[in-house]
Amino acid sequence: MIRRPPRSTLFPYTTLFRSVVHCGDVGMGQAAKICNNMLLAIGMIGTSETINLGIRLGLDAKLLAGIINSSTGRCWSSDTYNPVPGVMEGVPCCVNYEGGFSTALMTKDLGLAQTAATRTLTPTPLGSVSHQIYRLMTQKGFSNKDFSSVYMFLQENRNK
Numbered sequence: 016m017i018r019r020p021p022r023s024t025l026f027p028y029t030t031l032f033r034s035v036v037h038c039g040d041v042g043m044g045q046a047a048k049i050c051n052n053m054l055l056a057i058g059m060i061g062t063s064e065t066i067n068l069g070i071r072l073g074l075d076a077k078l079l080a081g082i083i084n085s086s087t088g089r090c091w092s093s094d095t096y097n098p099v100p101g102v103m104e105g106v107p108c109c110v111n112y113e114g115g116f117s118t119a120l121m122t123k124d125l126g127l128a129q130t131a132a133t134r135t136l137t138p139t140p141l142g143s144v145s146h147q148i149y150r151l152m153t154q155k156g157f158s159n160k161d162f163s164s165v166y167m168f169l170q171e172n173r174n175k
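Residue numbers (this note's numbering): 16 to 175.
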């Protein structure tokens, strides 16, 4: 998400990115990014909580993910970037949550979203709770782990 330059200079961007979306004036690309990442964090936490609950109720994680992904709960965090080890291949949970989009970066973006929400008097209760969860994760040593490590964070708090 970028502020679109004049047409004559747009070509380099279209070769670097899958899609280029004109968001408006300066800063609107950043606004779209923090809104998108706030929703991504909320979805990842929800996916992690849901599959964690299903496992504790006795469901197989892969079975539950299949049900979710063919039902109304389907989202990018469940069908493309599932945070639960063993559910899908090629995602950060397969390599101990290394690589990917770090918890530190997600925490930063959620902080930016909360600042914007405060400035615009926009209620974002789920965004606020998500920011608190990711801030706690950074304090507990998850800063360099992929943001999907929220699933592991919830697992570590299992017996507490």
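Here a beta-carbon is modelled for each residue, glycine too, at the ideal position from N, C-alpha and C. Please read all numbers here as calculations on a predicted model, not as lab measurements.
For the candidate residues the options, whose alpha-carbon lies nearest to that of residue i?
{"i": "I70", "options": "V102, T139, H37 and G114", "result": "V102"}
{"i": "A131", "options": "C50, S34, V36 and H37", "result": "C50"}
{"i": "L141", "options": "L120, F168, S93 and M53", "result": "M53"}
{"i": "G114", "options": "F157, K48 and G39", "result": "F157"}
{"i": "Y139", "options": "I57, V36 and A47", "result": "The amino acid at residue 139 is misidentified as Tyr; the sequence shows Thr. The residue with the shortest Cα to Cα distance from T139 is I57."}
{"i": "G88", "options": "L72, E64, G105 and T137", "result": "E64"}
{"i": "N159", "options": "V41, L74 and T122", "result": "T122"}
Are the Cβ atoms of residue i and residue j separated by less than 8 Å?
{"i": "T62", "j": "C90", "result": "yes"}
{"i": "P98", "j": "S163", "result": "yes"}
{"i": "S93", "j": "A80", "result": "yes"}
{"i": "N67", "j": "L169", "result": "yes"}
{"i": "Q129", "j": "S143", "result": "yes"}
What does a CB cutoff of less than 8 Å around residue i pick up in its chain, not counting 5 residues either side in sequence?
{"i": "F116", "result": "D161 and F162"}
{"i": "S145", "result": "M53, A56, I57, I60 and L125"}
{"i": "N84", "result": "S93 and D94"}
{"i": "T137", "result": "A131"}
{"i": "A119", "result": "T153, S158 and N159"}
Can you list, in chain order, the residues of its chain whose CB lies under 7 Å from that of residue i, leaving out five sequence neighbours each side?
{"i": "I148", "result": "I60 and V165"}
{"i": "M16", "result": "In this prediction, M16 scores a pLDDT of 49, lower than 50, which makes its location untrustworthy; no coordinate-derived value is stated."}
{"i": "L78", "result": "none"}
Roughly how far, in whole angstroms, is the beta-carbon of residue i from the beta-carbon of residue j, given that I think they are within contact range, below 8 Å?
{"i": "Y112", "j": "M167", "result": "6 Å"}
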